[in-house]
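These notes are about the structure you will find just below.
2 protein chains.
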Amino acid sequence: MENELKLQIIGHIYNDYGGKFGVPRQSGLVEEVISRVVLLPEFRRAEAFRGLTGFSHVWLLWLFSEGFASGEAGEREWQPTVRPPRLGGNQRVGVFASRSPNRPNPIGLSAVRLLEIAQEEDGPVLLVAGADVLNGTPLLDIKPYVPYADARPQAQGGFAVPPEQARRLQVQIAPELLAQLPPDKRPALLAVLAEDPRPAYHAGRQEVRTYGLSFAGFNVRFQVQGEVLRVVALEQT
Amino acid sequence: MENELKLQIIGHIYNDYGGKFGVPRQSGLVEEVISRVVLLPEFRRAEAFRGLTGFSHVWLLWLFSEGFASGEAGEREWQPTVRPPRLGGNQRVGVFASRSPNRPNPIGLSAVRLLEIAQEEDGPVLLVAGADVLNGTPLLDIKPYVPYADARPQAQGGFAVPPEQARRLQVQIAPELLAQLPPDKRPALLAVLAEDPRPAYHAGRQEVRTYGLSFAGFNVRFQVQGEVLRVVALEQT
Chain A
154 MENELKLQII GHIYNDYGGK FGVPRQSGLV EEVISRVVLL PEFRRAEAFR GLTGFSHVWL
214 LWLFSEGFAS GEAGEREWQP TVRPPRLGGN QRVGVFASRS PNRPNPIGLS AVRLLEIAQE
274 EDGPVLLVAG ADVLNGTPLL DIKPYVPYAD ARPQAQGGFA VPPEQARRLQ VQIAPELLAQ
334 LPPDKRPALL AVLAEDPRPA YHAGRQEVRT YGLSFAGFNV RFQVQGEVLR VVALEQT
Chain B
154 MENELKLQII GHIYNDYGGK FGVPRQSGLV EEVISRVVLL PEFRRAEAFR GLTGFSHVWL
214 LWLFSEGFAS GEAGEREWQP TVRPPRLGGN QRVGVFASRS PNRPNPIGLS AVRLLEIAQE
274 EDGPVLLVAG ADVLNGTPLL DIKPYVPYAD ARPQAQGGFA VPPEQARRLQ VQIAPELLAQ
334 LPPDKRPALL AVLAEDPRPA YHAGRQEVRT YGLSFAGFNV RFQVQGEVLR VVALEQT
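Chains A and B, in that order, give the protein sequences. This note's numbering puts the first residue of the first sequence at 154, with every later residue one more than the last. This note's numbering puts the first residue of the second sequence at 154, with every later residue one more than the last.
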């Protein structure tokens with residue numbers, strides 16, 4: 154194909170999001186979840202990060218990997234319109250008016266807070282907060298967040314509802330269930346659940362259904378009634 | 154290569170920046186320059202933009218095309234460290250701490266203001282303000298700017314100096330020279346020149362040199378003394 158180009162995966166993003174269900178809908182919503190950004194050996198060089206500690210945030214450019222990784226350009230499915238979960242799943246908007254994965258080039262873009270550049274044995278690892286990607290997501294690029302060019306706080310956000318206007322659930326979990334989780338994973342799980350991981354079109358349903366979410370190596374089973382989310386079981390996977 | 158992936162060019166960005174010299178260093182610096190974002194026929198469909206007019210800004214993901222377009226992944230040159238022009242060209246920082254083109258995947262990222270989605274005969278064209286790309290730049294993606302996730306006005310910008318702290322030049326141009334330019338190009342050229350297109354390491358030089366900048370089909374020749382930039386000739390190219 155004439156307009157095809159080859160890029161390369163330069164690393165991966167690792168975190169506790171074991172499944173698509175539960176991953177926040179945008180970056181920055183759940184800063185309690187920390188991701189490790191690990192480059193492949195070719196790119197994992199301390200000098201490539203020189204000067205980055207002066208920046209509080211970075212951009213991650215990554216690949217929507219679920220259902221896309223093996224497709225060739227041009228064979229991959231894209232759809233001119235998509236149904237964003239936040240619009241209840243029944244309203245169609247253009248793919249270029251959405252952050253949906255079903256785009257011609259399935260590249261994701263996330264602003265994350267840079268916590269630390271850890272110098273590990275095999276080279277530097279970035280610890281970042283607030284990524285909205287699945288564990289193991291392939292990485293294409295890391296860029297510094299340049300506030301004077303990237304931050305447009307007065308921008309109009311269309312149908313994307315800011316979090317202060319978004320519903321948050323009250324999360325109930327029995328102490329003996331919570332105790333099964335390592336202490337450092339607890340605030341993160343509670344924050345993920347408070348975001349209401351259900352598809353928006355489930356939120357109005359009457360019947361009580363049990364959902365399962367994969368987080369930090371556990372299958373977290375929960376039910377929602379009104380504004381209350383109750384964890385009913387935690388199963389190690 | 155195992156970690157190679159194929160993406161596709163979905164369109165191009167057209168504007169008055171005829172050469173790399175003169176393109177602003179970040180997006181949003183020169184909003185006087187308007188770019189046309191034109192998709193290839195396969196992607197140029199009105200419904201793919203449905204809902205986008207509610208957003209005031211969009212992200213453009215594009216390809217650094219100068220010196221990169223023909224390279225294969227893995228054969229392309231990337232450098233672990235680069236010399237950002239704003240640091241005077243003599244200080245090295247890591248490529249992941251910069252927005253330099255010499256990155257493993259030469260993808261550029263620009264927040265631009267969405268002025269209009271023009272419905273032209275062959276389909277929609279996006280008119281955007283503030284792009285920091287060369288005329289003809291290949292496009293990979295358009296995403297809505299979601300302020301609650303993308304705008305982090307409190308972020309620390311490392312060595313990237315915000316424009317209010319940046320030097321601006323006073324631009325002098327004789328009326329008979331300015332008259333050669335179409336009226337709608339004049340404010341844009343003046344704004345581009347005021348940004349001081351010279352490499353930072355030239356700014357302190359004593360000798361008066363004549364520079365040439367390609368803009369809107371003209372070769373704009375100018376000299377700088379102190380804080381004053383004087384246009385000495387305009388030649389149609």
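Cβ atoms here follow ideal geometry from the backbone N, Cα and C, with glycine treated the same way.
Spatial neighbours of A:Q232 in its own chain (CB-CB distance under 7 Å, excluding positions within 5 residues in sequence) are listed in chain order as V248 and N255.
The three-state reading of DSSP puts A:T363 in coil, since its state is none of H, G, I, E or B. Shown here, B:G247 sits in a strand according to DSSP, grouped into three states. Collapsing the DSSP output to three states places B:L331 in a helix. Counting C-beta pairs closer than 8 Å gives fewer than three between the region 343-353 of chain A and the region 203-215 of chain A, which falls short of the contact rule. In the three-state scheme derived from DSSP, where H, G and I count as helix and E and B as strand, A:T290 is classed as strand. If you draw a straight line from the Cα of A:L182 to the Cα of B:G379, it comes to about 47 Å.
Counted as a single uninterrupted DSSP element, the alpha helix (DSSP H) harbouring B:Y301 occupies residues P300 to D303. Sequence-distant partners of B:L292 (beyond 5 residues in either direction) whose C-beta falls short of 8 Å from its own C-beta, in its chain, are I162, I163, G164, H165, I166, V190, L192, L213, L214, W215 and L216. Residue contact with chain A for B:W215: absent (no Cβ-Cβ distance below 8 Å to any residue of chain A). In this structure, the beta-carbon distance from A:F368 to A:E388 does not fall below 8 Å.
Rounded to the nearest whole angstrom, the CA to CA distance from A:T290 to B:Q359 is 52 Å. Nearest in C-alpha terms to B:L240, of all of B:R178, B:A284 and B:D303, is B:R178. Beta-bridge partners assigned by DSSP to B:K296: B:W212. B:Y354 has no beta-bridge partner at all, per DSSP. Only exposed fits A:D337, as fewer than 16 other CB atoms lie within 10 angstroms of its CB.
Separation of the CB atoms of A:P297 and B:A250 is rounded to 5 Å, and the pair is thereby assigned contact status at 8 Å. Per the C-alpha coordinates, the member of B:K159, B:K173 and B:P237 positioned closest to B:N288 is B:K173.
Judged by beta-carbon spacing, A:L160 lies beyond the 8 Å limit of B:N243, meaning their Cβ atoms are not closer than that value.
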